[in-house]
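Novice: Just so you know, the sequence shown maps onto residues 1032 to 1156 in my numbering.
The structure follows.
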Amino acid sequence: IGLAVGEIANVTRTAKLCMLKDQVYLVTNLQSKYPESYLKLHHQSSVTVYPNKRNLWEKFTDWLQAYTYDSLASFSENDDEEQNKRTDNEALVKEQINSINKKMKRMSRQNEEQADIMRKILEIL
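So this is what it looks like as structure tokens:
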């Protein structure tokens, strides 16, 4: 079943009205179940907006930005020392890798020699 352009707008408008009607029905049912004293305490007839007042989220984001900025600033101060440590560590790791490679080559040579000896023994038998 196809719908025309005007029908789609009409269906969406009807759906929105039905959703609003259901919300009103839900709120009125909830209000009828609460005690009247509770409703009087928590009912607000107006809301005052303070445009310059920062909420908790804004305070948190400001704190987070300041914290990350401070940590980045301290990181850049210690960057030279850490770079030197990093290069020393890299040199040490390269030396260890080279020694491991030498050991592996020696072991592979020994393994080949043993395999050759085993072949010769098998040829003799």
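Virtual Cβ for every residue (Gly too), placed ideally from N, Cα, C.
1) Would you tell me roughly how many angstroms separate the C-alpha atoms of Val1068 and Gln1075, rounded to the nearest one?
2) Using the C-alpha atoms, what's the distance from Asn1129 back to Met1138?
3) Give the DSSP-derived three-state secondary structure of Arg1140 in the structure shown.
4) Check the C-beta distance from Leu1070 over to Gln1062 and give it rounded, since I have them as a contact under 8 Å.
5) Jot down the residue ranges of each uninterrupted alpha helix (DSSP H) in the segment 1038-1076, minimum 4 residues, whole runs only, in chain order.
6) Does DSSP put Lys1090 in a helix, in a strand, or in coil?
7) Rounded to the nearest angstrom, what separates Ala1146 and Lys1134 at their Cα positions?
Specialist: Let's see:
1) To locate residue 1068, count along the sequence shown from 1; it is residue 37. To locate residue 1075, count along the sequence shown from 1; it is residue 44. The question names Val, but residue 1068 in the sequence shown is Ser. So the alpha carbons of these two residues sit roughly 13 Å apart.
2) In the sequence shown, counting from the first residue as 1, residue 1138 sits at position 107. In the sequence shown, counting from the first residue as 1, residue 1129 sits at position 98. Their Cα atoms are separated by approximately 14 Å.
3) For this step, residue 1140 is matched to residue 109 along the sequence shown. The answer is helix: DSSP assigns Arg1140 an H, G or I state.
4) As a working note, residue 1070 is residue 39 in the sequence shown. As a working note, residue 1062 is residue 31 in the sequence shown. Correct: roughly 6 Å between the Cβ atoms.
5) Whole alpha helix (DSSP H) segments, 4+ residues: 1067-1073.
6) Walking along the sequence shown from the start, residue 1090 turns up at place 59. Under the three-state reduction of DSSP, Lys1090 is assigned to helix.
7) Your numbering for residue 1146 matches position 115 in the sequence shown. Your numbering for residue 1134 matches position 103 in the sequence shown. Looking at the two C-alpha atoms, the distance is approximately 18 Å.
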